[in-house]
Amino acid sequence: MTDHLFNLHGDVLAAMRRGPKAFAKLAFALSDADEPADTYVGHFRDRIVGAGPGDPLTALWHRTLTTWDLAEQADWSASPPRTDARRADTYDRLGFGPDLRKALDQAVPVFKEPGATVISREFTSWYSRDTAAARAFYWNSYERTLRDKGWSDAAVAGLDEASHAVVERLSDPTRTEAYGARGLVVGYVQSGKTANFTGVTAKAIDAGYRLVIVLGGTLNLLRGQTQRRLDMELVGRENILRGADPSDADTLIDIDYQDDEDWPAKFVSHGARPSSLGFFDIERLTTRSKDYLGLQSGIRALEFEKQDRTRPLYDPANLHHAAARVMVVKKNKSVLAKLIKDLKKIGPILSEIPALIIDDESDQASVNTTDPKKWEDGQVVRKAINGQISQLLGLLPRAQYVGYTATPFANVFVDPGDEEDIFPRDFLISLPRPTGYMGVQDFHDLDAEGAAEETHVRGIYDDTGDRLQEALDAFVLTGALKLYRTEHGVPAGPFRHHTMLVHESIRMAEHAALALRINSMWHRSAYTGREGHARLAALLEKDFQQYTDDDLPTPASYDELKPYVSRARQLINSGGEPVIVVNGDTERDYEQPELDFDRTPHVWKILVGGTKLSRGFTVEGLTITYYRRTTQQADTLMQMGRWFGFRPGYRDLVRLYIGREEALGKSRTVDLYEAFEAICRDEETFRTQLTRYATLVDGKPQVTPAQIPPLVSQHLPWLKPSSRTKMFNAELVEIRSPGQWVEPTAYPTSDADLRHNTEVWRPVLDALDASPVTLSCSSSGRNDSYDAVLGTLDHSALLGVLCDLRWSTPTQFSPHLESLVSAAETGHAIDDWLVIAPQQTSVRKAEASILGSRPLSLAGRVRRRGDLFGAISEPKHRGVALRVAGALGDSGDPLVESLVRERRGVLVLYPLVEKELRISPRGTIDPADVVMAFCLVAPTTPNAGQRSLVRFRAIDSSKDTFAVIDRGECGA
3 MTDHLFNLHG DVLAAMRRGP KAFAKLAFAL SDADEPADTY VGHFRDRIVG
53 AGPGDPLTAL WHRTLTTWDL AEQADWSASP PRTDARRADT YDRLGFGPDL
103 RKALDQAVPV FKEPGATVIS REFTSWYSRD TAAARAFYWN SYERTLRDKG
153 WSDAAVAGLD EASHAVVERL SDPTRTEAYG ARGLVVGYVQ SGKTANFTGV
203 TAKAIDAGYR LVIVLGGTLN LLRGQTQRRL DMELVGRENI LRGADPSDAD
253 TLIDIDYQDD EDWPAKFVSH GARPSSLGFF DIERLTTRSK DYLGLQSGIR
303 ALEFEKQDRT RPLYDPANLH HAAARVMVVK KNKSVLAKLI KDLKKIGPIL
353 SEIPALIIDD ESDQASVNTT DPKKWEDGQV VRKAINGQIS QLLGLLPRAQ
403 YVGYTATPFA NVFVDPGDEE DIFPRDFLIS LPRPTGYMGV QDFHDLDAEG
453 AAEETHVRGI YDDTGDRLQE ALDAFVLTGA LKLYRTEHGV PAGPFRHHTM
503 LVHESIRMAE HAALALRINS MWHRSAYTGR EGHARLAALL EKDFQQYTDD
553 DLPTPASYDE LKPYVSRARQ LINSGGEPVI VVNGDTERDY EQPELDFDRT
603 PHVWKILVGG TKLSRGFTVE GLTITYYRRT TQQADTLMQM GRWFGFRPGY
653 RDLVRLYIGR EEALGKSRTV DLYEAFEAIC RDEETFRTQL TRYATLVDGK
703 PQVTPAQIPP LVSQHLPWLK PSSRTKMFNA ELVEIRSPGQ WVEPTAYPTS
753 DADLRHNTEV WRPVLDALDA SPVTLSCSSS GRNDSYDAVL GTLDHSALLG
803 VLCDLRWSTP TQFSPHLESL VSAAETGHAI DDWLVIAPQQ TSVRKAEASI
853 LGSRPLSLAG RVRRRGDLFG AISEPKHRGV ALRVAGALGD SGDPLVESLV
903 RERRGVLVLY PLVEKELRIS PRGTIDPADV VMAFCLVAPT TPNAGQRSLV
953 RFRAIDSSKD TFAVIDRGEC GA
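In our numbering, the protein residues as written are 3 to 974.
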């Protein structure tokens, strides 16, 4: 039966390519004379209200409204994307009334999760939405593939916007003057960066880029993974077959994927060779099993056919008829040398080819790590891979370079003054955390509240033993739980592979010994006997049943699960042993069938290894991680976080067994869980800063990519820029944070400095009231209440306190202090500050008099990395402070509302003790035993968005754009 209403709406929405228009007029013009009722909005509303799951009309509007909600460029709306205001503008343009708006809002809620953050130079717009829509053959095909894989409308629209943001900042492939843009895209570890650069590649070749070089890791295993992904989701069957008859075995010789269980069903099909459909083909210069070995057809492989030989290739008359060439190349010295040698033979045509270089894991091998102080006569000396990338960029003057990484700090510290290097001078794009992604927030309680650690983390301490047997039991148990869920209606796709990762060392000899130990433990575990079943039953009861996802089937008892344990044990033990060792010096060491997640139907194994189990390597089905390896490099440690990723149907089963007291050197022990948390906090802070500064002021960027390094050094003073001693950049002088919670953590450690700071706070302590009050706030979405002692201090008095404080890292707070000092000069005067000292009410509270004050609560905190504390504040204290400073609406508490004033800031005081509590019989505490920590919120101002949030100062005025800062000399 024909769905006339759906067909009409499809036609109407197809006519709205540039944005929403008056729906009724278009519906009347496009409707069939036989079905006039289809134009009635009332019928549309009734259909939406009564629609069941899978209704095609609802799906059509879900896709369309989400696309409009997320559009970064919307000529038809002045409201920001992902807001109710944007949706209201959409309805206004469509001419929809309140009843239909309500029905659509219920069916299609506004997607408000943040999008990509873009830090960019000003650029000339050439890639509009109309331009993109006019040439979108490969993007449309990729979009259909993603939807077929189950991607949501919001996920597809978000990827569309993020990849569009990259392509529009590349050079116009048809421009006469050659220009090579340099950019960096920052994702999360194992978060789907490949999907973004596949989308960028699709849009770029649609727009006219005709040579795509993907640098796909340092191992053929990783390169092959990337090649297969591009072939499966972008290149497609017809371009792989190149005219070969898929039913004729003789014609399929030398065509890859014939042994791949996903071929051809899961490989995208274009219906026919694209060139026969009026579009252009993609020619692969590498295959899954063959890295770049030389141009397969000689130099002719890069001889592009021209419709008009009198014009250059980049002329539109030639460009849009030429086939695209794609290669996925390993970051290997000999492979890149062959490619460079071949390109040099081609000659002048190279200067005409719009090329795109995608560098996956761009902070690995690509960054130049030579010491500038050792360069002779200022001549740049490059590491091998960095030098070869620079050569490629030199040979291809129209090449655009886009790096992808989850650990961006090495890239942003590349010298921006080196025009031949890969510094992202044109743009830096931070991708949002994807929906369904298990990341830092799922393993760490960053706000001191939550159940992430309790649910997923199992610490290994000296007094717990190594817990390896427990981790092994958890691996078997979770495998059985996955099989149980499959039998009870949960899709089996995500359970195809089930893995455990064991990472203790980088030494191959230790890997072999550990694998032998695990194999022996496995055979002694008695999983078919009473002892083994008793252990598994106890672990199910005390652990997994306590933290199960209520929306997923979980057995009520071990007896119900027991039949699945046997099958799980068989799958893990297939092939004779449960363990695979992943290490080695040659490619052959990694060419293990059991490690091939693409071609092996079920990989249910325990992987033991080191570095090769980190960067870029996706461990499919990873459920149990056993991690005890120490390192002193932040980016190295972060890349070891293979437990981050997507875990559909089993995220509640994920467990991380991690060392909390691991030896580092001869005399130190480190907490690896806290180390991960510290790095994650720093990265999240970096992303938050980028988001704040991405807003344009007067139509211009607040910061450019060249000004990013000071943001990193400000918040990560311990992170050294990959052996570089100089940064070519500007000094960060001021950070304005009106209405923002500011939480310094770099307090001094010496008794003299701590005593000095406590004395400095005397005017604040003297200003506190004698009796506590109860404060509450419900305007932040929480119902928080706590007792506190209050006081007020005028702005000049508080500045006297803050300016006299001593810090372990002064540069952490100085930009915030500068904004408070200069507030009056810039028209953002502050009158006074409300001081809030939260007080504990439990019977076990710790309190003492400080310098004669009334008894004040003392909080216990620890320094997480070096001299820096972790979280100082408690989340429940923030709402009142933000309300009084004007950043939140009505608190619902009359007392709090009486404290609200224009131009009033709030300071929350946290006297901390980090040593053994020593209170005198008189109830006092030595000023040297107290860390006078604080958080503050500067008052909001009506015109806060009209002035830049950051201010930079050039150090070397002889340079036009960049200043030279020798961080060794500055003490950072």
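For every residue, glycine included, the Cβ atom is placed at its ideal position computed from N, Cα and C.
Bear in mind that the values here come from a model prediction, so they are computed numbers and not experimental data.
Problem set entry | Sequence-distant residues of the same chain with beta carbon closer than 6 Å to F936, five excluded per side | Excluding sequence neighbours, F936 sits near L909 and L911.
For this session: Measure the alpha-carbon distance for V823 versus V837 and round it to whole angstroms.
Result: V823 and V837: Cα-Cα distance of roughly 18 Å.
For this session: Output the boundary residues of the alpha helix (DSSP H) element that contains T200.
Result: For T200, the enclosing alpha helix (DSSP H) stretches over residues K195 to A209.
Problem set entry | Residue from Q572, L573, L541 and I574 with nearest C-alpha to Y560 | For the residues Q572, L573, L541 and I574, the minimum Cα distance to Y560 belongs to L541.
For this session: Measure how close the beta-carbons of I359 and I207 come, nearest whole angstrom, since I'm counting them as under 8 Å.
Result: Taking C-beta atoms under 8 Å as the contact rule, I359 and I207 fail to qualify, at a distance of about 13 Å.
Problem set entry | D892 vs S778 beta-carbon contact at 9 Å | No. Outside cutoff.
Exercise. Residues bridged to Y912 by DSSP?
Worked result: A935, per the DSSP bridge assignment.
Exercise. Hey, how far is the Cα of K77 from the Cα of R131?
Worked result: First, the amino acid is wrong: residue 77 is Asp here, not Lys. Rounded to the nearest whole angstrom, the C-alpha separation of D77 and R131 is 11 Å.
Problem set entry | Host beta strand (DSSP E) of F841 (start-end) | In the sequence under discussion, the amino acid at residue 841 is Gln, which differs from the Phe named in the question. That run of the beta strand (DSSP E) goes D834 to Q841.
Problem set entry | Residue environment, M729, which counts as buried when at least 16 other CB atoms sit within 10 Å | Caution is warranted here: a pLDDT of 35 is assigned to M729, below 50, making its placement in the model unreliable, and the coordinate value is therefore given only provisionally. A buried status is given to M729, since no fewer than 16 other beta-carbon atoms sit within 10 Å of its beta-carbon.
Exercise. For F125, which residues of its own chain have a beta-carbon under 6 Å away from its beta-carbon, when the five flanking residues on both sides are left out?
Worked result: Answer for F125: R171, listed in chain order.
For this session: Check the DSSP bridge columns for H490 and list the partner residues they point to.
Result: Residue pairing by DSSP leaves H490 without any beta bridge partner.
Exercise. Skipping 5 residues on each side, what residues in its chain have a beta carbon closer than 6 Å to that of I574?
Worked result: If we look at I574 and ignore the five residues flanking it on each side, its Cβ neighbours are P580 and W606.
Exercise. Which full runs of the beta strand (DSSP E) of 3+ residues lie inside the region 772-813, going along the chain?
Worked result: List check, beta strand (DSSP E) in window: 775-779 and 786-796.
Exercise. Could you give the distance in angstroms between the alpha-carbon of V404 and the alpha-carbon of G862?
Worked result: About 45 Å.
Problem set entry | Unbroken stretches of the alpha helix (DSSP H), 4 residues or longer, contained in the region 522-594 | Those alpha helix (DSSP H) runs which fall completely within the region 522-594 and span 4+ residues are 532-541 and 560-574.
Exercise. Starting from H758 and walking both ways along the alpha helix (DSSP H), at which residues does that stretch end?
Worked result: Run containing H758: D753 to V762, per the alpha helix (DSSP H) assignment.
For this session: Round the Cβ separation of R88 and D71 to the nearest angstrom and send it over; I've been treating them as touching at under 8 Å.
Result: About 6 Å separates the two Cβ atoms, so the contact holds.
Exercise. CA-CA distance, F113 and V158?
Worked result: Here the C-alpha atom of F113 lies approximately 12 Å from the C-alpha atom of V158.
Exercise. What are the start and end residues of the alpha helix (DSSP H) that includes H11?
Worked result: Here the alpha helix (DSSP H) through H11 covers H6 to A16.
For this session: Pick helix, strand or coil for A732, following the three-state DSSP scheme.
Result: Here A732 scores only 44 on pLDDT, less than 50, and its place in the model is too uncertain to base an answer on.
Exercise. Should L503 and G611 be called a contact, given that it needs their Cβ atoms to be closer than 9 Å?
Worked result: Between L503 and G611, the C-beta gap is smaller than 9 Å, which places the two residues in contact.
Exercise. Alpha carbon to alpha carbon, what distance is there between Q227 and H446?
Worked result: Between H446 and Q227, the C-alpha separation is close to 30 Å.
Problem set entry | Burial state of A636, where buried means 16 or more other Cβ atoms lie within 10 Å | Note that A636 scores 49 on pLDDT, short of 50, meaning its location in the model is unreliable and no value can be drawn from it.
For this session: Can you say whether T776 is buried or exposed, counting buried as having 16 or more other CB atoms within 10 angstroms of its CB?
Result: T776 counts as exposed, since fewer than 16 other C-beta atoms from the protein chains shown sit within 10 angstroms of its C-beta.
Problem set entry | Presumed contact (8 Å Cβ cut-off) between T942 and G888, rounded CB distance | The beta-carbon separation of T942 and G888, rounded to 4 Å, stays under the 8 Å limit for a contact.
Problem set entry | Per DSSP, the bridge partner or partners of T943 | Checking the DSSP bridge columns, you'll see T943 has no partner listed.
Exercise. Should Q108 be labelled buried (16 or more other beta-carbon atoms within 10 Å of its own) or exposed?
Worked result: Exposed, by the Cβ-count rule.
Exercise. With contact counted as at least three CB pairs below 8 Å, one residue from each stretch, are the region 311-321 and the region 269-287 in contact?
Worked result: Counting C-beta pairs closer than 8 Å gives fewer than three between the region 311-321 and the region 269-287, which falls short of the contact rule.
For this session: Decide if the region 248-259 is in contact with the region 391-399; the criterion is three or more beta carbon pairs, one per stretch, under 8 Å apart.
Result: In this structure the region 248-259 does not touch the region 391-399; the number of beta carbon pairs closer than 8 Å is below three.
Exercise. Taking Cβ positions, are V583 and Y406 nearer each other than 9 Å?
Worked result: For V583 and Y406, no; Cβs fall outside 9 Å.
For this session: Count the C-beta pairs between the region 891-907 and the region 920-932 that are closer than 8 Å, then say yes if the count reaches three, no if not.
Result: At 8 Å Cβ cutoff, the stretches do not touch.
For this session: Please classify Y403: does DSSP put it in a helix, a strand, or coil?
Result: Strand at Y403.
Exercise. Can you check whether the CB of R469 is closer than 9 Å to the CB of Y629?
Worked result: It is not a contact, given that the beta carbons lie outside the stated cut-off.
Problem set entry | Any alpha helix (DSSP H) of 4 or more consecutive residues that is wholly inside the region 38-110 | DSSP runs (the alpha helix (DSSP H)) wholly in the region 38-110: 43-52, 58-72, 86-96 and 100-109.
For this session: Please classify R171: does DSSP put it in a helix, a strand, or coil?
Result: Coil at R171, not helix or strand.
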